[in-house]
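In what follows, a structure is listed as structure tokens, so that the remarks can point back to it.
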Amino acid sequence: MKRFLILVVTAVLLCGCSDSKEAGKDKAPEKELITVGFSQVGSESDWRMASTTSVRSAFEDGDKYNLIYDDAQQKQENQIKAIRKFIDQDVDYILLDPITESGWDSALQEARDSGIPVIVCDRRVAVADNDLYTAWIGSDFELEGKRACEWLKRFFEAQGYTEAVNIVHIQGTLGASAQIGRSAALEAAVRENPTWRLLDQQTGEFTQARGREVMEDMLKHFGDRLNLVFCENDNEAYGAIEAIRAAGRKTGTDIGNGEIMIVSFDSTRKGLEYTLDGTIALNTECSPLYGPRLTELVDALERGEKLSKETFVEEGQFSIYPEVSSTFIDGKNYEVMHLTQEVIDERAY
Ligand code: AHR
């Protein structure tokens, strides 16, 4: 495979040495850079910006890597074009954060035919042949959703709240792993909890603007009946909060007295600030900080090592309410962290 070559310009050139023999003697050796093409989803959320920063800064070592970054602006066709461009550029590796799970077979087959390993990160691809990609690293989105729903169930039990809970659901980009997993968990919890009623589901595209629009629409339709908004990311929650306030409604956990309870995902700094003041009742973390892990995977492939097919990142959960300090899911205990300003101050994103 072709490698991107850089010539380290020597001090000899800078000092204007005219003797070519001398200049040759002082010249640093040529270095081979590892060229990596990264196809990113877009810039739809605070989480996404943090993920871009994490990957770019991890690969910013200009003596080792040459990162070619492509922003797909939330369009799968742009990601497919980017993969084809990376193949034409004969990159050494492709990093792909896929917008949706389906529709990757042909593009990934082309990468494989060109001998370029593809590392998938964050969201997943659903392909007929899993050998079309080398490894995946990201979140267990369904587990995130299950943790949120289990917390809600335990919270209502602790409060002795037995009335109906009318839920509206602002989904992420339809077909994205983060949407599929979190939605599946909520839908299962609604089936299992007889007092939970799912009034409506609409996509907020993981953006604040769309989250607000969808929430406005839901408030118009369901008015005072609405008790809980399940937002699939923090930006949708910011939009929902704006709409709830503009409609003169209050956010909070006192749903028996008309407050609207909000749960969210990501745990960005701003999302946690809303969680600290009680606007968001529960925030389940989704970590965007996998840039350094991606360099480790590339380095391991450079050494000829075989990678694990799947790597799940560890994630937390935050609330100010002491009623539920842990949840128990599929035989495992998960801590719910009591949120403080210090936690937010230490936050990397
Ligand atoms: O795939 C991760 C999700 O995508 C995050 O929850 C969301 O904020 C982002 O846009």
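Counting in this note's numbering, the sequence shown runs from 564 upward without gaps.
Each residue gets a CB set at the ideal place from its N, CA and C atoms; glycine is no exception.
Comparing C-alpha positions only, which one of the options sits nearest to residue i?
i: N796; options: G841, E886, M824 and I733; result: I733
i: S608; options: E886, E799, N896 and L596; result: E799
i: F891; options: D685, R710 and A613; result: R710
i: V826; options: V690, T814, N820 and G854; result: T814
i: T736; options: G605, E859, F601 and L671; result: G605
i: Y853; options: T598, E595, R611 and G600; result: R611
i: F704; options: F828, V792 and D787; result: F828
i: S871; options: V683, E640 and Q639; result: V683
i: L857; options: A698, K638, R687 and Q652; result: A698
i: E836; options: E873, R910 and K895; result: R910
i: L671; options: A751, D692 and D685; result: D692
i: G701; options: D676, R675, A739 and Y724; result: A739
i: R686; options: S665, L695 and K716; result: S665
i: T615; options: P855, A803, I643 and V777; result: P855
i: I657; options: A748, G708, L791 and Y632; result: Y632
i: A803; options: E750, G625, A810 and M778; result: M778
i: A809; options: G786, F793, N820 and E673; result: G786
i: T725; options: S889, Q742 and G819; result: G819
i: Q603; options: L761, Q637 and V688; result: Q637
i: R745; options: C794, D651, E768 and R773; result: C794
i: L749; options: R675, S889 and L706; result: L706
i: E865; options: F649, P680, D660 and P661; result: P680
By Cβ distance below 6 angstroms, which residues in the same chain neighbour residue i in space, the five residues on each side in sequence not counted?
i: M900; result: G879 and F881
i: Y801; result: Q771
i: R812; result: I823
i: K783; result: none
i: K895; result: none
So, at 7 angstroms on beta carbons, what are the nonlocal neighbours of residue i in its own chain, with the 5 sequence-adjacent residues on each side left out?
i: M781; result: V731, D763 and L789
i: E805; result: R775
i: N641; result: A635
i: D893; result: none
i: N756; result: K716
i: W968; result: Residue 968 lies beyond the stretch modelled for the chain, which goes from 564 to 912, so this question has no answer here.
i: G834; result: D797, A800, S827, I843 and N846
i: K584; result: Low confidence applies here, because K584 scores a pLDDT of 38, under 50, leaving its location unreliable; read the following figure in that light. Counting only Cβ-Cβ distances below 7 angstroms, and skipping sequence neighbours, we find nothing.
Within the present structure, is the beta-carbon of residue i separated from the nearest heavy atom of the ligand AHR by less than 6 angstroms?
i: R812; result: no
i: N796; result: yes
i: S827; result: no
i: W699; result: no
i: F622; result: no
i: E607; result: yes
i: C712; result: no
i: R866; result: no
i: D626; result: no
i: A741; result: yes
i: C849; result: yes
i: D685; result: yes
i: R611; result: yes
i: F769; result: yes
Using a Cβ-Cβ cutoff of less than 8 angstroms, which residues in the same chain neighbour residue i once the five nearest sequence positions on both sides are dropped?
i: T816; result: F718, Q722, E822, M824, G841, A844 and Y884
i: L839; result: I883, L902, T903, Q904 and I907
i: V887; result: W714, R717, F718, A721 and V899
i: S677; result: I650 and D653
Quickly, what does DSSP pair residue i with across the bridge? List them, please.
i: D633; result: S602
i: E868; result: Beta-bridge pairing links E868 to no other residue.
i: W759; result: V728
i: L695; result: Its beta-bridge partners do not exist; DSSP assigns none.
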